[in-house]
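*Asks:* Below: one structure in C-alpha cells.
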Ligand code: ADP
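In the numbering used here, the protein residues as written are 306 to 782.
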C-alpha cells in the first residue's frame, strides 16, 4: 500500500501550480523512523525556489482576496471532504514518515480535517464594526482585510494538523502562502498540496517548498518586503531566531513554541481519571507534542498510588502501541536528560534504557525524587519520560507550576470546584486542562504565554492572525 502511495506522489516543489525540481536539483532523503531506512527523495529547495514561490503567492494574492468569502468557504469544505475521503492514504503516509502508529496517525487526520471544516465555517463570519465617533461629527467604519502573502513553517510531530491549522485560517481570511514543512516530513505536505490542487484551489494560492536549507530559504523570504506574515510552529530556540529576522521588516508573526507543561494531581482527584489523563498527556505521540506533560506534580497523599498506577499503565505498553521517536538526535536528547537526572540522584522506577536494534524506539520511563535543578524539569523532554515531584500544599504546587520561562499548557486533576477557579486565575499558561489530558480542538484557541509564543491558532481567534484592521472616518454631513 505505502509503496503505491509514494509512487504516485509528485516528489517536488509546488510553485504556481507546477511541480518542479529544486533550482540546483538537490534532493532530501526521507527516512522511516521505525526502520531508519530511506523511503523517498524529494526536492530540496534553495533560495531561488523560495523567491519563485513568493512571486507566485504575490501574483495570486489580489484575486484570491477578491473572491467572495462563500467561495473560499466552499473550497475549504471541499478540502475537508477530500481529506476525509482519502483518510486511509493520509494515515499511511503520516505513519510512514513519522513512525507513529496507525491509530495515532488516523486521529491526526481527523483532527487536521477538523481545522478545514472549522475555518470553512469561519470564512463567512469575518466582521468589522461601525460606530459614531464619541465626540460626534463622523461615523467610523472598522473593517478587516487579509494581511497578504504568508510564510507558514511547520514541524514534524503533527505533519498534517500543523499545516491545516495554518492553511485553513489563511485561506479563509483571503491570504496566499508559501508553506515550508519540516524536512523530516515532506511527504504528508506534498500529499496535502496535491489534494488542494485536486479540489481546484487557484494556482499560486498555496506554494510548497520542502528544504533542508531552512536558514537560507527562510532568511531569503524574511528579507523580502513583499512577505507580510510569518506563522511558525516549532522550538523556542528557532522561534527566537525567526523573530529577530522578522524584526528587520516589522513582519506580523504568530509563534507556537515550546512548553514545560506541569500535570498536577491533587489528593482529592479521581485516581482512575487522573491516571487516564496522565497517560494521554504524556504518551500521545510518544510525548513528542508541545502540549505533552513535561513534569508531574503530585500531592503527598496520593503520590504513592498514583505513581504505582502510572508505572503499571506505562509498563503494559509495547513498542507497537507506541511507535518510535522521530530520529536519532531526538532520542539521544531525551535519553541524555534521563541519564543526567539519574546521575544527579533521581530514582529510575521504569524504563530509561536505550533499546538495541533498528528504529528510534525508546521505552516509557518514569523517574521519582528528581532534584529540582535537573534539566529534565526545565527543558522540553519531547519523549516518553515522566518525572514525578511531590508537593504538600496548593500554593506550593502553583509556585512549582509557574516556575518556568514557558507558559503553554497545564493540567490539573481535582474534584474541588473552588480550587479549579483558583487555578484558572493562578496558572500562568495559555491553556489549562482540568481532569483531561487532551486540550487540542479546532474550536478552541491554542497557544501560549511567556516564552511559549505569540498569537492563537484555532477558535474564532485563529483567523485574526491572518487579518489586519483598517479604519475609515466619514464626516457626517
Ligand atoms: P523541532 O525541534 O520540532 O524540529 P524546530 O524549531 O527545529 O523544531 O523546527 C520547526 C520548523 O522550523 C521546521 O520546519 C524546521 O525546518 C524549521 N527550522 C529549523 N531551523 C530553522 C531556521 N534556522 N530557520 C528557519 N526555519 C528553521
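Every residue, glycine too, gets a C-beta built ideally from N, C-alpha and C.
(1) Inspect the CB distances between the region 486–493 and the region 508–522 and report whether three or more fall short of 8 Å.
(2) The beta strand (DSSP E) with residue 694 in it runs from where to where?
(3) What does the alpha-carbon distance come out to for the pair residue 738 and residue 561?
(4) Should residue 710 go down as buried or exposed, given a rule of 16 or more other Cβ atoms within 10 Å for buried?
(5) Is residue 529 near the ligand ADP, judged by its Cβ being under 6 Å from some heavy atom?
(6) For residue 349, count neighbouring Cβ atoms within 10 angstroms of its own Cβ and tell me buried if that reaches 16, exposed if not.
(7) Can you tell me where the alpha helix (DSSP H) with residue 416 in it begins and where it stops?
(8) Could you check whether the Cβ of residue 466 sits closer than 7 Å to any Cβ belonging to chain C?
(9) Residue 755 by DSSP, collapsed to three states: which one?
(10) Which of the three DSSP states, helix, strand or coil, is assigned to residue 738?
(11) What does a CB cutoff of less than 6 Å around residue 740 pick up in its chain, not counting 5 residues either side in sequence?
(12) Beta strand (DSSP E) containing residue 777: first to last residue?
(13) Does at least one heavy atom of the ligand ADP sit under 6 Å from the Cβ of residue 398?
(14) If we call anything under 7 Å between Cβ atoms a contact, is residue 268 one with residue 412?
(15) Scan the region 553–636 and note each continuous alpha helix (DSSP H) run of 4 residues or more that stays entirely inside, going in chain order.
(16) Thinking C-beta only, is residue 451 closer than 7 Å to residue 479?
(17) So, for residue 325: in the same chain, excluding its five sequence neighbours on each side, which residues have a beta-carbon less than 6 Å away from its beta-carbon?
(18) Check residue 369 in the structure and name its three-state DSSP category.
(19) For the ligand ADP, any of its heavy atoms closer than 6 Å to the Cβ of residue 543?
(20) So, with DSSP's three-state summary, where would you put residue 488?
(21) Where does residue 342 sit, in a helix, a strand or coil, going by DSSP?
(22) Kindly examine the ligand ADP and report whether one of its heavy atoms sits closer than 6 Å to the Cβ of residue 645.
(23) If you check the beta carbons only, do residue 673 and residue 654 fall under 7 Å apart?
(24) From residue 440 to residue 773, what distance separates their C-alpha atoms?
(25) Just reading off the alpha helix (DSSP H) that residue 729 is part of, what are its end residues?
*Replies:* Inspection of the coordinates gives the following:
(1) Yes, they touch.
(2) Unbroken beta strand (DSSP E) run through residue 694: 690–696.
(3) Computed Cα separation, rounded: 18 Å.
(4) By the 10 Å Cβ count, residue 710 comes out exposed.
(5) Taking non-hydrogen atoms of the ligand ADP into account, the C-beta of residue 529 is found less than 6 Å away from none of them.
(6) Buried, since its Cβ has 16 or more Cβ neighbours within 10 Å.
(7) From DSSP, the alpha helix (DSSP H) with residue 416 extends over 407–427.
(8) Absence of chain C from the displayed structure is noted, only one protein chain being present.
(9) In this structure, residue 755 counts as strand in the three-state DSSP scheme.
(10) In this structure, DSSP gives residue 738 an extended state, which the three-state scheme calls strand.
(11) Correct list, in chain order: 578, 718.
(12) For residue 777, the enclosing beta strand (DSSP E) begins and ends at 772–780.
(13) No.
(14) No information on residue 268 is available, as it lies outside the stretch 306 to 782 that the chain covers here.
(15) You should have 576–588, 608–620, 624–627.
(16) Their beta carbons are under 7 Å apart, which means residue 479 touches residue 451 by this criterion.
(17) Taken in chain order, the residues that qualify are 317, 318.
(18) The three-state secondary structure of residue 369, taken from DSSP, is helix.
(19) Answer for residue 543: yes, Cβ within range of the ligand ADP.
(20) When DSSP states are grouped into helix, strand and coil, residue 488 belongs to the coil group.
(21) In the three-state reduction of the DSSP assignment, residue 342 falls in the strand class.
(22) Residue 645: no, Cβ never under 6 Å from the ligand ADP.
(23) Against a cut-off of 7 Å, the Cβ pair of residue 654 and residue 673 comes out as a contact.
(24) Straight across, the Cα-Cα distance linking residue 440 with residue 773 is about 26 Å.
(25) Boundaries of the alpha helix (DSSP H) harbouring residue 729: 722–731, taken from the DSSP string.
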